[in-house]
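A.B. asks:
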DNA sequence: TTAATTCCTACCTATTGACTCGGCTTTCTA
DNA sequence: TAGAAAGCCGAGTCAATAGGTAGGAATTAA
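Protein chains in written order, with the numbering used here: chain A, 79 to 227; chain B, 79 to 227.
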């Protein structure tokens, strides 16, 4: 029941963009450096976020990435589900599942998995990037660098 | 963020014991057969549950397993945490973690992970095996077999 | 034109999940 | 008291996945 680095790194990168990318694009390598993430690996993660419409890119010199929407319109849930897939604890209660379980009507544990899924979604859908930016600014009122996310 | 088969199979086995093991011990192979789980694999899982004090065993002919406590005193959380470890989404908020994260005071995402962990625990700690037995009996009022857990 | 940057695809490697197996020990029962 | 029926234990296997590397093509500002 662990989140992978995809979700954690991706959230770090998005928060980095929310903090440092208010005007103009940010190069991937500067995000990777600040957040101590492999640049090559982050490249793959941010491609997923781009295809999901959460970040915008600009190619070429002075290019980079920025948030596609204001940070108060991007939730932690958007980011985590984009990178991790459904946060359901078992496949049978994934939001986007194709095949309905034949035993669903008789299954007594399905309700447990549903409750877990919904409680996780409730948490992550009620925290926006702006909330995290605010927390960050409060914690670092006098600091200059952001290492700790 | 998926539960492994350890947690799912273990819960199935415990529910099987709660339903079929009211008087006397149940042989592992009969649980495995009813629940469609590899007997050899289940052996390893039930060993963990035994060491955690959730089931009791009896060796030798006519031996087997039974719940160590009444089903209303065993929660889904007890079972899942025994088999999966902490249900925390990241290591830094595991209940039993040894090393305190040095950046904990400054970390803005830690509060997210804590909320997720606590919301999962709240769900699973408030469902007992007896609750599941009741659900099962209601769903199967007229059925004889239990395949679907 | 060139340097900086994203985009895309393929590849690698260690770890883990999910079993499988063999042999030993214990205990009931005939 | 022998033998069958169970649990106990440790090792081995195999495929999938996580996490990361790498190379080169395309794009764009200066």
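Beta carbons are placed, not taken as given, at the ideal position from N, Cα and C, and that holds for glycine.
So which residues of chain B does residue 162 of chain A contact, with C-beta pairs closer than 7 Å?
C.D. replies: For the purposes of this step, residue 162 of chain A is identified with residue 84 of the first chain, where counting begins at 1. The answer, in chain order, is 79.
A.B. asks: What does the alpha-carbon distance come out to for the pair residue 131 of chain A and residue 123 of chain B?
C.D. replies: The residue given as residue 131 of chain A occupies position 53 in the first chain. The residue given as residue 123 of chain B occupies position 45 in the second chain. Answer to the nearest angstrom: the Cα atoms are 43 Å apart.
A.B. asks: Against chain B, does residue 201 of chain A count as a neighbour if the rule is that its beta carbon must be under 7 Å from one of theirs?
C.D. replies: As a first step, residue 201 of chain A is located in the first chain; it is residue number 123 there, counting from the start. Closer than 7 Å: yes.
A.B. asks: Quick test of your reading: residue 210 of chain A and residue 186 of chain B, contact by CB under 8 Å. State the CB separation rounded to the nearest angstrom.
C.D. replies: By 1-based counting over the first chain, the position of residue 210 of chain A is 132. By 1-based counting over the second chain, the position of residue 186 of chain B is 108. Contact flag correct, Cβ pair sits at about 5 Å.
A.B. asks: Using a beta-carbon distance below 7 Å, is residue 116 of chain B in contact with chain A?
C.D. replies: By one-based count along the second chain, residue 116 of chain B stands at place 38. Cβ-Cβ to chain A under 7 Å: no for residue 116 of chain B.
A.B. asks: Beta-carbon of residue 197 of chain A versus every beta-carbon of chain B: anything under 7 Å?
C.D. replies: Taking the first chain and counting its residues from 1, one reaches residue 197 of chain A at position 119. Residue 197 of chain A counts as touching chain B.
A.B. asks: Starting from the C-beta of residue 159 of chain A, find all residues in its chain whose C-beta is less than 7 Å away, skip the five residues before and the five after it, and write them out in chain order.
C.D. replies: Your numbering for residue 159 of chain A matches position 81 in the first chain. Within the same chain, residue 159 of chain A has close Cβ partners 165.
A.B. asks: Within 10 angstroms of its Cβ, does residue 156 of chain B collect 16 or more other Cβ (buried), or is it exposed?
C.D. replies: Here residue 156 of chain B refers to the residue found at position 78 when the second chain is read from its first residue. Buried.
A.B. asks: Is there a C-beta anywhere in chain B that falls below 7 Å from the one on residue 167 of chain A?
C.D. replies: By 1-based counting over the first chain, the position of residue 167 of chain A is 89. So yes, residue 167 of chain A belongs to the interface.
A.B. asks: Below 8 Å on the Cβ atoms is my contact criterion, and I expect residue 214 of chain A with residue 126 of chain A to pass it. Report the Cβ-Cβ distance as a whole number of Å.
C.D. replies: Translated into positions along the first chain, residue 214 of chain A becomes position 136. Translated into positions along the first chain, residue 126 of chain A becomes position 48. So it is not a contact: roughly 24 Å between Cβ atoms.
A.B. asks: For a quick check, are the C-beta atoms of residue 85 of chain B and residue 161 of chain B less than 7 Å apart?
C.D. replies: Translated into positions along the second chain, residue 85 of chain B becomes position 7. Translated into positions along the second chain, residue 161 of chain B becomes position 83. A contact, by the Cβ cut-off of 7 Å.
A.B. asks: Distance check for residue 192 of chain B and residue 207 of chain A, CA to CA, integer angstroms please.
C.D. replies: The residue labelled residue 207 of chain A in the question sits at position 129 within the first chain. The residue labelled residue 192 of chain B in the question sits at position 114 within the second chain. If you take the alpha carbons of residue 207 of chain A and residue 192 of chain B, they lie about 17 Å apart.
A.B. asks: How far does the beta strand (DSSP E) with residue 142 of chain A in it reach, from first residue to last?
C.D. replies: Stepping through the first chain from its first residue, residue 142 of chain A is reached at position 64. Its beta strand (DSSP E) spans residues 142-145.
A.B. asks: Closest by CA to residue 104 of chain B, which one among B/217, B/153, B/142 and B/154?
C.D. replies: For the purposes of this step, residue 104 of chain B is taken as residue 26 along the second chain, with counting starting at 1. Of the listed residues, the one whose Cα sits closest to residue 104 of chain B is B/142.
A.B. asks: Count the CB pairs spanning the stretch 109-124 of chain B and the stretch 104-123 of chain A that are closer than 8 Å, and state whether there are at least three.
C.D. replies: With the cut-off at 8 Å, the stretch 109-124 of chain B and the stretch 104-123 of chain A do not touch.
A.B. asks: Show which residues of chain B have a CB atom less than 8 Å away from the CB atom of residue 187 of chain A.
C.D. replies: Taking the first chain and counting its residues from 1, the one referred to as residue 187 of chain A is at position 109. Those within 8 Å of residue 187 of chain A in chain B are 86, 89, 90, 93, 210 and 227.
A.B. asks: Residue 138 of chain B: buried (16+ other C-beta within 10 angstroms of its C-beta) or exposed?
C.D. replies: Position 60 of the second chain, counted from the start, is the residue given in the question as residue 138 of chain B. It counts as exposed.
A.B. asks: Output needed in chain order: residues of the stretch 127-152 of chain A with a Cβ under 9 Å from some Cβ in chain B.
C.D. replies: Taking 9 Å as the Cβ-Cβ cut-off against chain B, none of the residues of the stretch 127-152 of chain A qualify.
A.B. asks: Within this structure, are the beta carbons of residue 184 of chain B and residue 217 of chain A separated by less than 7 Å?
C.D. replies: The residue labelled residue 184 of chain B in the question sits at position 106 within the second chain. The residue labelled residue 217 of chain A in the question sits at position 139 within the first chain. Yes, the pair counts as a contact, with Cβ atoms nearer than the cut-off.
A.B. asks: My guess is that residue 94 of chain A and residue 153 of chain A are in contact by the Cβ rule of under 8 Å, so how many angstroms apart are they, rounded?
C.D. replies: In the first chain, counting from the first residue as 1, residue 94 of chain A sits at position 16. In the first chain, counting from the first residue as 1, residue 153 of chain A sits at position 75. Not quite, the Cβ-Cβ distance comes to about 17 Å (not below 8 Å), so this is no contact.
A.B. asks: Taking a contact to mean a Cβ-Cβ separation below 7 Å, would you say residue 205 of chain A touches residue 194 of chain B in this structure?
C.D. replies: For the purposes of this step, residue 205 of chain A is taken as the residue at position 127 of the first chain. For the purposes of this step, residue 194 of chain B is taken as the residue at position 116 of the second chain. It is not a contact, given that the beta carbons lie outside the stated cut-off.
A.B. asks: Starting from the C-beta of residue 175 of chain B, find all residues in its chain whose C-beta is less than 7 Å away, skip the five residues before and the five after it, and write them out in chain order.
C.D. replies: Within the second chain, numbered from 1, the residue matching residue 175 of chain B stands at position 97. The residues are 169.
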